[in-house]
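K.L.:
I am attaching a structure below and will ask some questions about it afterwards.
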Amino acid sequence: MSMEMLGLSGFAQLHTRVTGHRARPPLGHLTGLSLAEVSTAGVTAEMPLSPWLRGPSGAISLGALAIPADVALGGAVGTTLPPATLSATSELSLRLLAPVPRDGSVIARGR
């Protein structure tokens with residue numbers, strides 16, 4: 360992260376990604392993950408359910424679903440941070456209540 364970006368609030372840093380004023384991170388190129396919305400109320404992340412995210416059984420793995428969940432949750436926390444303050448997820452737990460579609464995309468919202 361550049362010194363210029365560290366001078367911005369967490370909200371401003373995330374907003375530069377949504378508006379395209381900041382390069383897409385490598386994870387976005389790898390998975391197709393993107394920030395769909397950033398507001399003072401939270402963050403919305405979206406990721407296509409690519410076939411390579413499927414496990415041996417053919418289902419989308421919880422590990423793959425943790426990616427947009429972590430971005431949305433961490434982003435929601437990040438919108439409240441002052442300049443020069445970083446954060447990281449220390450623990451994340453997911454439970455699957457219904458099968459995940461094999462196609463389309465998953466949307467994660469953090470508030």
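360 is the number of the first residue of the sequence shown in my numbering; add one for each residue after it. By construction, the Cβ of each residue, glycine as well, lies at the ideal position given by its N, Cα and C atoms. None of the values given here were measured: they were computed from a predicted structure.
(1) When you compare only the Cα positions, how much space is there between GLY369 and GLY433?
(2) State the Cα-Cα distance for the pair VAL402 and SER446, rounded to the nearest angstrom.
(3) Is the separation between the beta-carbon of LEU451 and that of ASP429 shorter than 8 Å?
(4) Can you list, in chain order, the stretches of the beta strand (DSSP E) that have 3 or more residues and sit fully within the region 364-425?
(5) Of the choices SER416, THR448 and PRO441, whose alpha-carbon is the least far from that of PRO458?
(6) I need the DSSP call for VAL459, collapsed to helix, strand or coil.
(7) Measure from the alpha carbon of GLY391 to the alpha carbon of each residue in THR378, ARG376, LEU408 and HIS380, then state which is nearest.
(8) By alpha-carbon positions, which one of ALA431, GLY387, PRO441 and THR375 ends up nearest to THR448?
(9) Determine the direct distance from the alpha carbon of PRO441 to that of LEU367, and round the result to whole angstroms.
P.N.:
In short:
(1) Walking along the sequence shown from the start, residue 369 turns up at place 10. Walking along the sequence shown from the start, residue 433 turns up at place 74. Taking the straight line joining both Cα atoms gives about 11 Å.
(2) Position 43 of the sequence shown holds residue 402. Position 87 of the sequence shown holds residue 446. Going from the Cα of VAL402 to the Cα of SER446 covers about 15 Å.
(3) In the sequence shown, residue 451 corresponds to position 92, counting from 1. In the sequence shown, residue 429 corresponds to position 70, counting from 1. Contact flag set, yes.
(4) Complete beta strand (DSSP E) runs here, min 3: 393-398 and 401-407.
(5) As a first step, residue 458 is located in the sequence shown; it is residue number 99 there, counting from the start. Taking only the C-alpha atoms, the option nearest PRO458 is SER416.
(6) Indexing the sequence shown from 1 puts residue 459 at position 100. Here VAL459 sits in coil by DSSP.
(7) The sequence position of residue 391 within the sequence shown is 32, counting from 1. Per the Cα distances, LEU408.
(8) The sequence position of residue 448 within the sequence shown is 89, counting from 1. Among ALA431, GLY387, PRO441 and THR375, the Cα nearest to that of THR448 is on ALA431.
(9) Working through the sequence shown from its first residue, we reach residue 367 at position 8. Working through the sequence shown from its first residue, we reach residue 441 at position 82. Cα to Cα, the separation comes out at about 8 Å.
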